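Asker:
In this note's numbering, the protein residues as written are 2 to 84.
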């Protein structure tokens, strides 16, 4: 197989992969929109916003009990909805 043929074959595979990824993203976009607009997620983000200040590090914030509890509640809800 010539280098030109090999390059064409790789291009074709890449194009198919990109199209598959785009389809997957479109399928999940409704799910993502629902999650982002859910009251649980909005509350989670608001809690993060309320927790932030100049002295709080990223690790400290995401290891705080309330943040972890809210994140866990969202994950449990998603798991139950996917069943």
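Glycine included, every Cβ here is placed at the ideal spot set by N, Cα and C.
From a predicted model like this one, the values you see are computed outputs, not experimental measurements.
Check for me: the alpha helix (DSSP H) holding residue 1 runs from which residue to which?
Answerer: The chain is shown from 2 up to 84; residue 1 falls before or after that span and cannot be answered.
Asker: Grab the span of the alpha helix (DSSP H) containing residue 53 for me, first residue to last.
Answerer: Looking up residue 53 in the chain shown gives position 52. Neither: residue 53 is in no alpha helix (DSSP H) and is coded neither H nor E.
Asker: Have a look at residue 82 and residue 76 and give me their C-alpha separation to the nearest angstrom.
Answerer: For the purposes of this step, residue 82 is taken as the residue at position 81 of the chain shown. For the purposes of this step, residue 76 is taken as the residue at position 75 of the chain shown. If I take the Cα positions, the gap works out to 10 angstroms.
Asker: So what does DSSP say about residue 65, is it helix, strand or coil?
Answerer: Within the chain shown, residue 65 is the residue found at index 64, counting from 1. Looking at residue 65 - three-state DSSP - the assignment turns out to be coil, as it is neither helix nor strand.
Asker: Tell me which same chain residues have a C-beta within less than 7 angstroms of the C-beta of residue 41, skipping the five on either side of it?
Answerer: Taking the first residue of the chain shown as 1, we reach residue 41 at position 40. Within the same chain, residue 41 has close Cβ partners 74, 75 and 78.
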